[in-house]
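Protein chains: 2
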Amino acid sequence: MRNGAEETTVGELGEAGVLARILDRLGPSASAVLGPGDDCAVLGFGGDAVITTDTMVEGPDFRLAWHGGFELGRKLAATNLSDVAAMGARPTALTVALACPADTPVALLEEIAAGLDAACQELAPGCGVVGGDLGRAPVLMAAVTALGDLEGRAPVRRDGARAGETVCYAGQLGLAGLGLSLLFAECAEAGVAHRRGLAELRERHPAAVGAQLAPAPPIALGAAAALAGASAMMDVSDGLALDAARIARASDISLDLDPALLEAGFGVQQGQRVPLDAMLFGGEDHGLLACFPPDAEPPAGFLPIGAVRARAAGGALLLAGAACEPRGWDPFVSRVPG
Amino acid sequence: MRNGAEETTVGELGEAGVLARILDRLGPSASAVLGPGDDCAVLGFGGDAVITTDTMVEGPDFRLAWHGGFELGRKLAATNLSDVAAMGARPTALTVALACPADTPVALLEEIAAGLDAACQELAPGCGVVGGDLGRAPVLMAAVTALGDLEGRAPVRRDGARAGETVCYAGQLGLAGLGLSLLFAECAEAGVAHRRGLAELRERHPAAVGAQLAPAPPIALGAAAALAGASAMMDVSDGLALDAARIARASDISLDLDPALLEAGFGVQQGQRVPLDAMLFGGEDHGLLACFPPDAEPPAGFLPIGAVRARAAGGALLLAGAACEPRGWDPFVSRVPG
Chain A
10 MRNGAEETTV GELGEAGVLA RILDRLGPSA SAVLGPGDDC AVLGFGGDAV
60 ITTDTMVEGP DFRLAWHGGF ELGRKLAATN LSDVAAMGAR PTALTVALAC
110 PADTPVALLE EIAAGLDAAC QELAPGCGVV GGDLGRAPVL MAAVTALGDL
160 EGRAPVRRDG ARAGETVCYA GQLGLAGLGL SLLFAECAEA GVAHRRGLAE
210 LRERHPAAVG AQLAPAPPIA LGAAAALAGA SAMMDVSDGL ALDAARIARA
260 SDISLDLDPA LLEAGFGVQQ GQRVPLDAML FGGEDHGLLA CFPPDAEPPA
310 GFLPIGAVRA RAAGGALLLA GAACEPRGWD PFVSRVPG
Chain B
10 MRNGAEETTV GELGEAGVLA RILDRLGPSA SAVLGPGDDC AVLGFGGDAV
60 ITTDTMVEGP DFRLAWHGGF ELGRKLAATN LSDVAAMGAR PTALTVALAC
110 PADTPVALLE EIAAGLDAAC QELAPGCGVV GGDLGRAPVL MAAVTALGDL
160 EGRAPVRRDG ARAGETVCYA GQLGLAGLGL SLLFAECAEA GVAHRRGLAE
210 LRERHPAAVG AQLAPAPPIA LGAAAALAGA SAMMDVSDGL ALDAARIARA
260 SDISLDLDPA LLEAGFGVQQ GQRVPLDAML FGGEDHGLLA CFPPDAEPPA
310 GFLPIGAVRA RAAGGALLLA GAACEPRGWD PFVSRVPG
């Protein structure tokens, strides 16, 4: 099912040919002194650099039957850009290491490249793919590394939250997890019926399915939060509860989430009803969780969802003042539904 | 064969537990303002930054039956450090994205981490692993991204060679390709006989097997060559002939390799006889190919192997003045022997 008879495969074109086709799809990085094509790309930084890396593997992390290549490319970029934003940095460059079977259509890699480029242009203008690598693997896998420029600011770490601060969140919350549950419930099987089911699911739940397959986190709000004085910030990728507990442990405080604020701010997103459980434990939101001191004005887009308290007996994570188990996503321990 | 009954697996320990064990094996980067553990690491640069990425997948790129984890870690670091060196930069940091089956022993990942760390300490002191990711995949795969600091120097690109310059090479040449041929010829089958054969092969051909399984390229010579005035430089990873042709095409000159100089400089390395064919077409050497103007003094460690000529009718690559086909490694087109 991977390939129709008429499509050129990666194995037929070879590494150099494929890379030439992919590079055509990629806009430049404004920070690149030297772009792709040499042993390394060269980047200029105005301040300290931030760097993060993430891998996605066909099967555990994505299904080509759900993602088109374009959406997959968008997700690959967005999930890494959000880590850069969460340090208060402006994303400047990506490198992309792809490996795939020899019978992979070149068109699929071109779509992935187009999705990477679209995500950069929409979410982080000036950021671009500056280098990459293409190898052979039994399934499609992609490792993206993202760089950002702190532009003279100090990084916003996860250990700076202090009692008395406001906990805020920006971005979609719980939608991506809801989308994954829906996809597993209704589109777990491959084939024609599956593709029809996927189209119907997209029509019924466009926000949830879109958030799962091609998230669009509020990347520019990362630097804005840093400028506004955020004391601690994280990209929420493994679920709000788990990532909130990480800030709380690192900062040695308790983070008290308010269900009423969560409901008010995120109970309905783009017409999609989102239950509290999905908000707390859904994962893959890639929004920004940040703490702001009382005298700071959170940038528009951040909504209050709780308060920072002195470390409570109940633990790192509280929900309406009561202990809350910070469960979430672990690629080896978690079991996807369905 | 992946796992003995008594070993803890990655699936049992989970991502957080494995990462904690791995981080214990890794020394710091001298350039890290903030090390692993947040959304991103933070790095300071004295000049422009260089960045490169490379993926290795179990099967096409390495066999666990040949590499121990330690040697694999060394190779993962060395192959990326050499790309940084080839720009004339000093390597400062690595990120490592690993993905593996759930039944992978944690001990294997610890050995890989120890190998990464050893390579940094030996080949590029001050460089360290600043971040990573661990996911699930059907086979072991690793994507390493390396960063380096140009420290105010201009990057040494591949397009700066000029007629009249001397072509030099530093590092092992052809040994790694020879090692791969020997491994395929004598140790292609798995099992007990294979392990005994591998031990014997290591005894008979330690330099060739070592160069293939755990190369130790002359990383510090990259910045030294830049300071000495190198006009063009590349890491030789796909074979001298192919990579020399890339410099020649990018610089619009012909690169004329001298078989007598190659024989004199690299005919015997660490007691191992190396045929000219292995030097030219072997691949995976990760040494430095550089061009120096007549008034430059190549740093000790670089040996002359040819001359830069005005673009000749014979093509980009010449051998003793005659045309030479620049064949080499392509992960999709090349067929490994055996």
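Chains A and B supply the protein sequences, listed in that same order.
Basically the working numbering = 1-based index in the first sequence + 9.
Basically the working numbering = 1-based index in the second sequence + 9.
By construction, the Cβ of each residue, glycine as well, lies at the ideal position given by its N, Cα and C atoms.
If you're wondering where the values come from, they're calculated on a predicted model, not measured in any experiment.
Other residues of its chain near residue i: CB distance less than 7 angstroms, five sequence neighbours each side excluded
{"i": "G347 of chain B", "result": "Because G347 of chain B sits at a pLDDT of 32, beneath the cut-off of 50, its placement in the model cannot be relied upon, and the point is left open."}
{"i": "D265 of chain A", "result": "G315, A316, R318, L327 and G330"}
{"i": "P308 of chain A", "result": "L230, A233, A234 and A237"}
{"i": "R213 of chain A", "result": "none"}
{"i": "D158 of chain A", "result": "S40, F54, G55, G56, A58, A98, R99 and T101"}
{"i": "G20 of chain B", "result": "A111 and D112"}
{"i": "C177 of chain A", "result": "A299, F301, P307, F311, L312, P313 and I314"}
{"i": "N12 of chain B", "result": "In this prediction, N12 of chain B has a pLDDT of 47, which is less than 50 and means its spatial position is unreliable; nothing more can be read from the coordinates."}
{"i": "L81 of chain A", "result": "F71, I121 and G124"}
{"i": "A287 of chain B", "result": "G183, G186 and L187"}
{"i": "R336 of chain B", "result": "A250, L251 and F290"}
{"i": "R320 of chain A", "result": "D261, I262 and S263"}
CB-CB length for residue i against residue j, believed under 8 angstroms
{"i": "A108 of chain B", "j": "T62 of chain A", "result": "Not a contact, Cβ separation roughly 12 angstroms."}
{"i": "R145 of chain A", "j": "V66 of chain B", "result": "7 angstroms"}
{"i": "L90 of chain B", "j": "A155 of chain B", "result": "6 angstroms"}
{"i": "P45 of chain A", "j": "G124 of chain A", "result": "At roughly 17 angstroms, the Cβ-Cβ gap does not stay under 8 angstroms, so P45 of chain A and G124 of chain A are not in contact."}
{"i": "S240 of chain A", "j": "A163 of chain A", "result": "Their Cβ separation, rounded to whole angstroms, is 11 angstroms, which puts S240 of chain A and A163 of chain A out of contact at 8 angstroms."}
{"i": "S263 of chain A", "j": "A257 of chain A", "result": "6 angstroms"}
{"i": "I60 of chain B", "j": "A50 of chain A", "result": "5 angstroms"}
{"i": "P271 of chain B", "j": "L143 of chain B", "result": "With the sequence shown as reference, residue 271 of chain B is identified as Leu, and Pro is not the correct amino acid for it. Actually they are not in contact, since the Cβ atoms of L271 of chain B and L143 of chain B sit about 43 angstroms apart, beyond 8 angstroms."}
Spatially closest choice to residue i from the options, by CA coordinates
{"i": "G323 of chain B", "options": "B:P302, B:A305 and B:D261", "result": "B:D261"}
{"i": "M243 of chain B", "options": "B:E174, B:A325, B:L159 and B:A179", "result": "B:A179"}
{"i": "M96 of chain B", "options": "B:V176, B:V165 and B:A299", "result": "B:V165"}
{"i": "G77 of chain B", "options": "B:F290, B:E293 and B:V218", "result": "B:V218"}
{"i": "L118 of chain B", "options": "B:A133, B:D33, B:L285 and B:E131", "result": "B:D33"}
{"i": "A152 of chain B", "options": "B:L132, B:D70 and B:R171", "result": "B:D70"}
{"i": "F275 of chain B", "options": "B:D294, B:A259, B:S263 and B:R258", "result": "B:D294"}
{"i": "P134 of chain A", "options": "A:E120, A:A87 and A:L143", "result": "A:A87"}
{"i": "C129 of chain B", "options": "B:P110, B:A116 and B:T104", "result": "B:T104"}
{"i": "L189 of chain B", "options": "B:P224, B:T175, B:D168 and B:G161", "result": "B:P224"}
{"i": "G291 of chain B", "options": "B:A325, B:A185 and B:G310", "result": "B:A185"}
{"i": "G187 of chain B", "options": "B:D304, B:L143, B:E160 and B:L285", "result": "Before going further, note that residue 187 of chain B is Leu rather than Gly in the sequence given. Considering only alpha carbons, the answer is B:L285."}
{"i": "W75 of chain A", "options": "A:V139, A:C49 and A:L207", "result": "A:L207"}
{"i": "Q181 of chain A", "options": "A:L28, A:T17, A:A332 and A:V283", "result": "A:V283"}
{"i": "P215 of chain A", "options": "A:D247, A:Q279 and A:A257", "result": "A:Q279"}
{"i": "E16 of chain A", "options": "A:L249, A:L297, A:A116 and A:R211", "result": "A:A116"}
{"i": "R255 of chain A", "options": "A:E120, A:I60 and A:D168", "result": "A:D168"}
{"i": "R83 of chain B", "options": "B:L222, B:G183 and B:A250", "result": "B:L222"}
{"i": "L132 of chain B", "options": "B:L191, B:E160 and B:L85", "result": "B:L85"}
{"i": "L191 of chain A", "options": "A:E80, A:I121, A:Q281 and A:M150", "result": "A:Q281"}
{"i": "A259 of chain A", "options": "B:I31, B:E24, B:D48 and B:S38", "result": "B:D48"}
{"i": "G68 of chain A", "options": "A:E334, A:V277, A:H203 and A:M150", "result": "A:M150"}
{"i": "H203 of chain B", "options": "B:R30, B:L73, B:E272 and B:A220", "result": "B:L73"}
Within chain A, partners of residue i - CB distance below 8 angstroms
{"i": "T61 of chain B", "result": "D48, C49, A50, T104 and G140"}
{"i": "P164 of chain B", "result": "V42, L43, D47, C49 and V51"}
{"i": "A319 of chain B", "result": "Residues of chain A passing the Cβ test: none, with the nearest at roughly 23 angstroms."}
Contacts of residue i in chain B (Cβ-Cβ under 8 angstroms)
{"i": "V93 of chain A", "result": "D48 and C49"}
Own chain residues within Cβ distance below 6 angstroms of residue i, not counting five before or after
{"i": "A94 of chain B", "result": "I228 and G231"}
{"i": "M10 of chain B", "result": "Note on M10 of chain B: pLDDT 41, under 50, position unreliable in the model; the coordinate value appears next. Contacts found: none."}
{"i": "G36 of chain A", "result": "D126 and G137"}
{"i": "G53 of chain A", "result": "S40 and V42"}
{"i": "G26 of chain A", "result": "none"}
{"i": "V245 of chain A", "result": "D252, D294, G296 and L298"}
{"i": "L289 of chain A", "result": "L249 and A250"}
{"i": "T64 of chain A", "result": "A152"}
{"i": "E24 of chain A", "result": "L143"}
Residues that residue i contacts on chain A, provided the C-beta gap is smaller than 7 angstroms
{"i": "T154 of chain B", "result": "T62, T104 and T154"}
{"i": "V42 of chain B", "result": "D57"}
{"i": "G77 of chain B", "result": "Chain A residues near G77 of chain B: none, gap ~21 angstroms exceeds 7 angstroms."}
Contacts around residue i, its chain only, beta-carbon distance under 8 angstroms, and the 5 residues preceding and following it disregarded
{"i": "V345 of chain B", "result": "In this prediction, V345 of chain B has a pLDDT of 45, which is less than 50 and means its spatial position is unreliable; what the coordinates show is noted afterwards. These residues qualify, in order along the chain: L189 and F193."}
{"i": "P303 of chain B", "result": "G173, E174 and T175"}
{"i": "L210 of chain B", "result": "L191, L192, E195, C196 and V218"}
Listed by chain order, chain B residues near residue i by CB distance under 9 angstroms
{"i": "V350 of chain A", "result": "Within the shown structure, residues of chain A are numbered from 10 to 347, placing residue 350 of chain A beyond reach of any answer."}
**Asked** What runs of the alpha helix (DSSP H), each 4 residues or longer, lie entirely inside the segment 159–197 of chain B?
**Response** Counting only runs of 4 or more, we get 184–196.
**Asked** Which ranges would you report for the beta strand (DSSP E) in the segment 255–336 of chain B if only whole runs of at least 3 residues count?
**Response** Runs found: 262–266, 296–301, 312–319 and 326–328.
**Request:** Identify every run of the alpha helix (DSSP H) within the segment 32–115 of chain A, keeping only runs that are complete inside it and at least 4 residues long; order them along the chain.
**Result:** Complete alpha helix (DSSP H) runs here, min 4: 78–94.
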